[in-house]
Amino acid sequence: MKVLFVCTGNTCRSPIAEAVFNSLNTDDNITSNSARISIIPGSKISKESAELIYKGLKLDLKNKKAKQIENELLEELYLVLAMTKYVRDHLIKYYKNKIFILSEYVGVGDKIKAPYGGTVSVYKNTYNQIRESVSLLLSKIKKD
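Heads up, the sequence shown is in my numbering, so the first residue is 1471 and it goes up one at a time.
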(Lines of atoms letter the chains of each structure in order from A and count residues from 1; the text may use other names and numbers.)
(Lines give C-alpha, C1' and ligand atoms only; values in the text may rest on other atoms or scores of the structure.)
Protein backbone atom coordinates (compact mmCIF):
# COMPACT_ATOMS: atom_id res chain seq x y z
CA MET A 1 0.00 0.00 0.00
CA LYS A 2 1.24 3.48 -0.86
CA VAL A 3 0.11 6.67 0.86
CA LEU A 4 0.79 10.18 -0.45
CA PHE A 5 0.53 13.29 1.72
CA VAL A 6 -0.11 16.47 -0.29
CA CYS A 7 -0.07 20.13 0.66
CA THR A 8 0.40 23.34 -1.26
CA GLY A 9 4.20 23.66 -1.22
CA ASN A 10 5.64 20.40 0.20
CA THR A 11 7.82 22.46 2.53
CA CYS A 12 5.98 22.13 5.86
CA ARG A 13 2.93 19.92 6.41
CA SER A 14 3.26 17.07 3.92
CA PRO A 15 6.97 16.40 4.61
CA ILE A 16 6.19 16.34 8.35
CA ALA A 17 3.36 13.85 7.72
CA GLU A 18 5.62 11.68 5.54
CA ALA A 19 8.41 11.68 8.14
CA VAL A 20 6.07 10.89 11.04
CA PHE A 21 4.30 8.16 9.05
CA ASN A 22 7.54 6.48 7.99
CA SER A 23 8.93 6.68 11.53
CA LEU A 24 5.85 5.23 13.26
CA ASN A 25 4.97 2.67 10.59
CA THR A 26 6.14 -0.87 11.31
CA ASP A 27 4.63 -2.55 8.23
CA ASP A 28 7.10 -2.91 5.34
CA ASN A 29 4.18 -3.31 2.92
CA ILE A 30 3.02 0.25 3.59
CA THR A 31 5.05 3.22 2.38
CA SER A 32 4.47 6.94 2.20
CA ASN A 33 5.70 9.91 0.24
CA SER A 34 4.79 13.59 0.00
CA ALA A 35 4.29 16.15 -2.75
CA ARG A 36 2.96 19.62 -3.56
CA ILE A 37 0.42 21.07 -5.95
CA SER A 38 2.07 24.46 -6.44
CA ILE A 39 4.92 25.11 -8.81
CA ILE A 40 7.80 26.66 -6.91
CA PRO A 41 11.07 25.57 -8.55
CA GLY A 42 13.97 24.84 -6.24
CA SER A 43 12.07 25.00 -2.95
CA LYS A 44 12.89 22.68 -0.07
CA ILE A 45 11.59 21.82 3.37
CA SER A 46 11.31 24.80 5.70
CA LYS A 47 14.00 25.21 8.34
CA GLU A 48 11.39 25.07 11.11
CA SER A 49 9.84 21.84 9.82
CA ALA A 50 13.25 20.20 9.43
CA GLU A 51 14.17 21.18 13.00
CA LEU A 52 10.93 19.76 14.46
CA ILE A 53 11.35 16.53 12.52
CA TYR A 54 14.91 16.23 13.79
CA LYS A 55 13.93 16.95 17.40
CA GLY A 56 10.91 14.65 17.34
CA LEU A 57 12.07 11.82 15.11
CA LYS A 58 15.87 12.16 14.89
CA LEU A 59 15.65 12.40 11.09
CA ASP A 60 17.78 14.96 9.26
CA LEU A 61 15.69 16.29 6.37
CA LYS A 62 17.10 19.82 6.14
CA ASN A 63 18.15 19.21 2.52
CA LYS A 64 14.89 17.54 1.41
CA LYS A 65 13.66 19.15 -1.80
CA ALA A 66 9.99 19.80 -2.42
CA LYS A 67 8.46 17.38 -4.90
CA GLN A 68 5.85 18.28 -7.51
CA ILE A 69 2.85 15.95 -7.73
CA GLU A 70 2.96 13.86 -10.91
CA ASN A 71 0.53 11.48 -12.60
CA GLU A 72 2.92 8.54 -12.31
CA LEU A 73 3.13 9.10 -8.57
CA LEU A 74 -0.64 9.17 -8.16
CA GLU A 75 -1.55 6.24 -10.40
CA GLU A 76 0.14 3.70 -8.15
CA LEU A 77 -1.30 5.03 -4.89
CA TYR A 78 -3.89 3.50 -2.63
CA LEU A 79 -4.56 6.65 -0.61
CA VAL A 80 -3.94 10.37 -1.18
CA LEU A 81 -4.27 12.55 1.91
CA ALA A 82 -4.53 16.30 1.46
CA MET A 83 -3.89 18.75 4.26
CA THR A 84 -6.80 21.03 3.26
CA LYS A 85 -10.04 21.12 1.32
CA TYR A 86 -8.38 23.37 -1.27
CA VAL A 87 -5.71 20.76 -2.03
CA ARG A 88 -8.26 17.93 -2.08
CA ASP A 89 -10.56 19.87 -4.40
CA HIS A 90 -7.63 20.62 -6.70
CA LEU A 91 -6.96 16.88 -7.17
CA ILE A 92 -10.37 15.24 -6.69
CA LYS A 93 -11.37 15.34 -10.36
CA TYR A 94 -8.48 12.99 -11.12
CA TYR A 95 -8.53 10.75 -8.05
CA LYS A 96 -12.13 10.68 -6.78
CA ASN A 97 -11.98 7.46 -4.82
CA LYS A 98 -8.45 7.87 -3.46
CA ILE A 99 -8.24 11.41 -2.08
CA PHE A 100 -9.35 12.65 1.32
CA ILE A 101 -8.48 15.40 3.79
CA LEU A 102 -6.18 13.82 6.40
CA SER A 103 -7.90 15.26 9.47
CA GLU A 104 -11.39 14.29 8.24
CA TYR A 105 -10.24 10.82 7.18
CA VAL A 106 -9.05 10.03 10.70
CA GLY A 107 -11.98 11.76 12.41
CA VAL A 108 -10.19 14.75 13.91
CA GLY A 109 -12.08 17.26 11.76
CA ASP A 110 -9.88 20.36 11.97
CA LYS A 111 -7.91 21.22 8.85
CA ILE A 112 -4.18 21.35 9.26
CA LYS A 113 -3.25 24.98 8.70
CA ALA A 114 -0.03 25.95 6.95
CA PRO A 115 2.53 27.12 9.51
CA TYR A 116 4.73 28.73 6.85
CA GLY A 117 5.96 32.11 8.07
CA GLY A 118 4.57 31.50 11.56
CA THR A 119 6.27 31.37 14.93
CA VAL A 120 8.01 28.31 16.35
CA SER A 121 4.88 27.76 18.45
CA VAL A 122 2.73 27.64 15.30
CA TYR A 123 5.08 25.06 13.77
CA LYS A 124 4.99 22.96 16.96
CA ASN A 125 1.19 23.01 17.00
CA THR A 126 1.12 21.90 13.36
CA TYR A 127 3.67 19.15 14.03
CA ASN A 128 1.65 17.85 17.00
CA GLN A 129 -1.61 17.96 15.04
CA ILE A 130 -0.03 16.03 12.17
CA ARG A 131 1.58 13.50 14.54
CA GLU A 132 -1.79 12.83 16.18
CA SER A 133 -3.53 12.49 12.80
CA VAL A 134 -0.86 10.16 11.42
CA SER A 135 -1.01 7.96 14.53
CA LEU A 136 -4.77 7.66 14.05
CA LEU A 137 -4.22 6.95 10.35
CA LEU A 138 -1.86 4.07 11.07
CA SER A 139 -4.37 2.58 13.52
CA LYS A 140 -7.12 2.92 10.92
CA ILE A 141 -5.02 1.28 8.20
CA LYS A 142 -4.17 -1.65 10.48
CA LYS A 143 -7.88 -2.18 11.28
CA ASP A 144 -8.83 -2.18 7.59
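Beta carbons are placed, not taken as given, at the ideal position from N, Cα and C, and that holds for glycine.
Please read these numbers as outputs of a predicted model, since none were measured by experiment.
- In this structure, S1504 sits near A1487, with a CB-CB distance shorter than 9 Å.
- Assignment of A1536 by DSSP, reduced to helix, strand and coil, places it in the coil class.
- Put simply, the backbone Cα of E1521 is about 23 Å away from that of L1606.
- Contact annotation, A1536 with K1555: C-beta distance approximately 21 Å; criterion of less than 8 Å not satisfied.
- Between K1472 and T1501, the C-beta spacing is below 9 Å.
- With three or more CB-CB distances shorter than 8 Å, the region 1475-1484 counts as touching the region 1547-1567.
- Between L1531 and V1490, the gap from beta carbon to beta carbon reaches 9 Å or more.
- In the DSSP annotation of this structure, I1569 is not part of any alpha helix (DSSP H); the continuous beta strand (DSSP E) holding it starts and ends at 1569-1571.
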